[in-house]
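Participant:
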Amino acid sequence: MIADTDDYSHAVITALVGAIAWALTAWIPLFGPVIALIVWIAVINWRYPGGWLQAVLIGLVAWISALVILFVLNGFLGLGIGAFGVPGV
0 MIADTDDYSH AVITALVGAI AWALTAWIPL FGPVIALIVW IAVINWRYPG
50 GWLQAVLIGL VAWISALVIL FVLNGFLGLG IGAFGVPGV
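By numbering that gives the first Met the number 0, the letter at position 74 of the sequence shown is numbered 73, and the numbering carries on one by one without gaps.
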């Protein structure tokens, strides 16, 4: 949507690398979540053209999409699914 690419496999690999990067940094005391967010956006910036602003926008759209999906799965279907880094519904 933001990067103007239609390659779903590219997005899946980016999500996998981003999740690994998040997991490797989020555990750091005090600053872990902030470092993890920066690293996650850096992975998006590395994988997609457009620079840091576009990477932040892609990350924001991905985070909001996860929030909406979790809301539907938990709020309407009552599945009790969560995602690290996304607030529970």
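Note that the Cβ used here is the ideal one computed from N, Cα and C, for glycine as well. Computed from a predicted model, the values in this text were never measured in an experiment.
Could you tell me whether the segment 45-57 touches the segment 20-32, using the rule of 3 or more Cβ pairs below 8 Å?
Facilitator: Short answer: they don't touch.
Participant: Say whether chain C places a C-beta atom closer than 8 Å to the C-beta of Leu23.
Facilitator: Looking for chain C here will not work: only one protein chain is present.
Participant: Per DSSP, what kind of secondary structure is Ala25 in: helix, strand or coil?
Facilitator: The answer is coil: DSSP assigns Ala25 none of H, G, I, E or B.
Participant: Contact check, Ala82 vs Leu69 under 8 Å by CB: the rounded distance?
Facilitator: Sure, about 6 Å apart at Cβ, within 8 Å.
Participant: Apart from the five residues on each side of it in sequence, which residues of its chain come closer than 7 Å, Cβ to Cβ, to Asp6?
Facilitator: Excluding residues within five positions, none has a Cβ falling inside 7 Å.
Participant: For Leu29 and His9, what's the separation of their Cα atoms in angstroms?
Facilitator: Cα to Cα, the separation comes out at about 32 Å.
Participant: Which residue from Gly74, Trp39 and Val67 puts its Cα closest to that of Ile57?
Facilitator: It is Trp39.
Participant: Going by the beta-carbon positions, is the gap between Thr13 and Ile34 smaller than 8 Å?
Facilitator: Not closer than 8 Å, so no.
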